[in-house]
Amino acid sequence: MIVVRQYSGFLLAVLLTVNLSTTALAHPEGFSGIQILIREDHIECALTLHTRDLDAWFPPGTYADYVNDVCRELEHTIDEVVELRLEDEILPVQTVMAQQLETGLIETRVTWQLPPQDASAELLVWSKHLYLMPRGHQQILTIEDRRGVRDEQPGVLSLDDILTVERDAAGTRLRLLEVEAAASQMVAPVPQNRSQERAIEPTSPDFPATKPVANLRDEHTWM
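If you're matching positions, the sequence shown starts at 73 in the numbering used here and goes up one per residue.
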C-alpha cells in the first residue's frame, strides 16, 4: 500500500506540472490580431493592438496624448508595421487609418491595390512589428478571400494561423477567379480565308453586311 500511495502521489505531481505548463503556454502575456480580406481590386487589413502591449514600442512617457499620438505614429510608419507581398513583389499601401475602437484597443486599417491576375499567386503577410511586442506575444492571422461573393455571404477562409516573434510571416496562394481564367483563355476568332469570311456575311438587302469584330475585355466586378 505504501508503494501504491507513493506512486499515486508522484503521478499526481506530474499531472499537475503538465497542467500548469499547458496553462502557461495557452495564456501568453498578450495577443493581437490581423484580419486580411481579399477583394476584387484591393486587399483590406484590420490590425488590432492592445495598448498594454505597446510599452516597449511606444513608451508611455514619450507621448503627451498617448492613444492619438500612437495612432498617428502607426499611420506614418505603416510600412514598418505590416507588409504584403504578391509573388515576392511588395504591394504599395493605398490608404491607412488608425483609431481607438474601445478603451485600450487600437485598430489600424490598411488597404493595398490588388494587381490583375492571369494565374494563381502567392500572398505573403509579414508582421514586421512583432519583435517589439512582449515576450510570448501571439498574433492571430486570418486571410479571407471575398472575391466573387456578396456581402451577406461568407468568403473562403484561405488561412488561419498564429504569428510569433520567431515566425512573423505567413502566406497563402490566391486562387484565380473563374472569370479571370476564362478571360485569359479567350482567343479572337480569325477567319481561315476570305471565302469563309464572305460566307458568314448576311446577303439580305434588309440587313447590311457587317464583319464580326472581336472585343476582348477582362471584366471585374468590384465589391
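C-beta: ideal position from N, C-alpha, C; glycine also.
- Unbroken beta strand (DSSP E) stretches of 3 residues or longer found wholly inside the segment 156 to 234: 165 to 174, 177 to 185, 193 to 199, 210 to 217, given in chain order.
- Each residue's CA atom was taken as its position, placing Arg239 and Gly133 some 30 Å apart.
- Assignment of beta-bridge partners to Ile115 by DSSP yields Ile110, Trp184.
- Residue state for Arg247 is assigned as coil, using DSSP reduced to three classes.
- Here Gly105 carries a strand assignment [DSSP, helix/strand/coil].
- If you draw a straight line from the Cα of Leu249 to the Cα of Arg219, it is about 8 Å long.
- Annotated three-state conformation of Val154 is strand, per DSSP.
- Of the candidates Arg207, Gly208, Thr183, Glu159, Glu159 places its Cα closest to the Cα of Asp190.
- For Val142, the uninterrupted alpha helix (DSSP H) run begins and ends at 138 to 148, by DSSP.
- Classified as exposed, Met169 has fewer than 16 neighbouring CB atoms from the shown chains inside 10 Å of its CB.
- Three or more Cβ pairs drawn from the segment 145 to 159 and the segment 191 to 209 lie within less than 8 Å of each other, which places the two stretches in contact.
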